[in-house]
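**Student:** Below you will find the structure I want to go over with you.
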Amino acid sequence: MGLDARGIIAAVQIATYGPLLFVAVFLAWWERDRRMGWAFLGVLSVLRLMGGMTHVLSEYNPTNVAERTIYIIAEGAGQGPLLAATLGFLRTVSQHSLDKTFVFSRGIIVCALSGATGVILAIIGGARGTSATTWDEYDDNVTLRHVAIILFIILFSGMLCIVMYCWMNWKRILRYRRRLLIAITMTVPLLLVRIIYGVLSAWGPATVTFVGGHQVPVHPSDSGLGKFSAASSQWGIYFVMSVMMEYIAVAIYLLGGVLIPLRKETSYESEKSDGDYGSGYRDAINKKNGVVVEPA
562 MGLDARGIIA AVQIATYGPL LFVAVFLAWW ERDRRMGWAF LGVLSVLRLM
612 GGMTHVLSEY NPTNVAERTI YIIAEGAGQG PLLAATLGFL RTVSQHSLDK
662 TFVFSRGIIV CALSGATGVI LAIIGGARGT SATTWDEYDD NVTLRHVAII
712 LFIILFSGML CIVMYCWMNW KRILRYRRRL LIAITMTVPL LLVRIIYGVL
762 SAWGPATVTF VGGHQVPVHP SDSGLGKFSA ASSQWGIYFV MSVMMEYIAV
812 AIYLLGGVLI PLRKETSYES EKSDGDYGSG YRDAINKKNG VVVEPA
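Under our numbering, the first residue of the sequence shown is numbered 562, with each subsequent residue one higher.
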């Protein structure tokens with residue numbers, strides 16, 4: 562039996578996010594200025610690999626509830642690392658200019674905690690859902706996933722506010738970091754579409770039913786919110802609103818990371834600091850020798 566359309570998409574994700582994981586790990590080690598962004602892209606890659614592999618396996622064993630649950634968990638939880646990676650690159654934008662402001666010294670931390678908590682709740686809710694034996698137990702765990710989505714919405718809202726704050730302080734941002742801000746801004750509509758899909762998917766119909774206290778996988782209806790379910794046979798909406806939005810956003814970050822030379826600005830800042838130190842040192846020597854230097 563071959564893979565259906567969703568299975569093929571999962572196989573493509575395995576083929577693309579596998580290399581991305583190695584690239585993200587290498588760049589997180591190599592580029593300390595963008596380490597947070599690359600690290601979270603690495604986490605996203607791990608979740609997409611887990612989801613892709615379990616999705617492919619579940620198509621060869623459709624009655625396995627655990628495999629289906631894992632790829633549904635990975636699908637929902639992956640929004641958190643993608644948004645957190647955006648925060649990481651915004652933090653890079655702020656370096657040497659806005660990084661000491663309240664928005665970046667405190668706001669980034671609050672948003673990151675919101676995203677991390679959302680990922681944890683999404684994983685816990687999905688994992689506990691596999692052991693549910695009644696609808697009440699299942700609904701309790703679905704509630705955890707709903708809370709996770711709400712936290713992702715808070716994370717996205719905070720990220721959007723930080724982007725706007727950066728644009729309001731455009732002149733204070735260093736030259737090449739302005740280009741990175743433009744790249745991040747280009748991803749905002751993509752991330753919004755991804756969040757909307759995540760919300761509609763989370764509130765979609767159940768993908769299991771209960772028979773004699775045991776879970777049995779079912780395909781949800783393709784009408785209403787059912788078409789947004791991770792188990793829906795209508796793969797087009799999922800491909801456009803979820804997979805493509807993530808691919809384009811990740812591609813923008815990769816291109817921005819490779820093509821925008823932040824190291825030049827780091828060297829400039831270092832030289833400027835050395836120059837300031839040298840000027841201060843000369844002033845101190847002149848003062849000691851009783852030499853008064855008039856300002857130019």
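We put the beta carbon where it would ideally sit given N, CA and C, even for glycine.
Rounded to the nearest angstrom, what separates tyrosine 737 and alanine 645 at their Cα positions?
**Tutor:** Counted from its first residue, the sequence shown places residue 737 at position 176. Counted from its first residue, the sequence shown places residue 645 at position 84. Approximately 21 Å between the Cα atoms of the pair.
**Student:** Which residues in the same chain as glycine 680 place their Cβ atom closer than 6 Å to its Cβ, once the five residues preceding and following it in sequence are excluded?
**Tutor:** Position 119 of the sequence shown, counted from the start, is the residue given in the question as residue 680. Looking at the sequence provided, one finds valine at residue 680 rather than glycine. Ala638 and Gly641.
**Student:** What's the call for lysine 833, buried or exposed, on a 16-neighbour Cβ count within 10 Å?
**Tutor:** Counting from one through the sequence shown, the residue named residue 833 turns up at place 272. Confidence is the limiting factor: at lysine 833 the pLDDT is only 45, short of 50, which leaves the residue's position unreliable and the question unanswerable from this model.
**Student:** For glutamate 770, write down the residues that DSSP places opposite it in a beta bridge.
**Tutor:** Taking the sequence shown and counting its residues from 1, one reaches residue 770 at position 209. Checking the sequence, you will find threonine at residue 770 rather than glutamate. Paired residues: Val777.
**Student:** Taking 8 Å as the cut-off, is the beta-carbon of valine 779 closer than that to any non-hydrogen atom of the ligand SAM?
**Tutor:** Ligands in the displayed structure: none, and consequently the ligand SAM is not present.
**Student:** For the alpha helix (DSSP H) that serine 675 lies in, which residues bound it at each end?
**Tutor:** Position 114 of the sequence shown, counted from the first residue, corresponds to residue 675. 669 to 690 is the extent of the alpha helix (DSSP H) around serine 675.
**Student:** Measuring straight from C-alpha to C-alpha, what distance separates serine 782 and serine 655?
**Tutor:** Position 221 of the sequence shown holds residue 782. Position 94 of the sequence shown holds residue 655. Distance between the alpha carbons of serine 782 and serine 655 is about 46 Å.
**Student:** Tell me whether alanine 792 sits in a helix, a strand or coil according to DSSP, three-state version.
**Tutor:** The sequence position of residue 792 within the sequence shown is 231, counting from 1. Alanine 792 falls in the coil class under three-state DSSP.
**Student:** Please name the residue, chosen from Ile757, Gly765, His780 and Cys722, that lies closest to threonine 624 on a Cα-to-Cα basis.
**Tutor:** Taking the first residue of the sequence shown as position 1, residue 624 is located at position 63. Threonine 624 has its Cα closest to that of His780, out of Ile757, Gly765, His780 and Cys722.
**Student:** Is it buried or exposed, tyrosine 758, if we count other Cβ atoms within 10 angstroms and call 16 or more buried?
**Tutor:** Your numbering for residue 758 matches position 197 in the sequence shown. Burial call: buried.
**Student:** Could you check what DSSP says for tryptophan 696 in three-state terms: helix, strand or coil?
**Tutor:** Locating residue 696 in the sequence shown gives position 135, counting from the first residue. Reduced to three states, the DSSP call for tryptophan 696 is helix.
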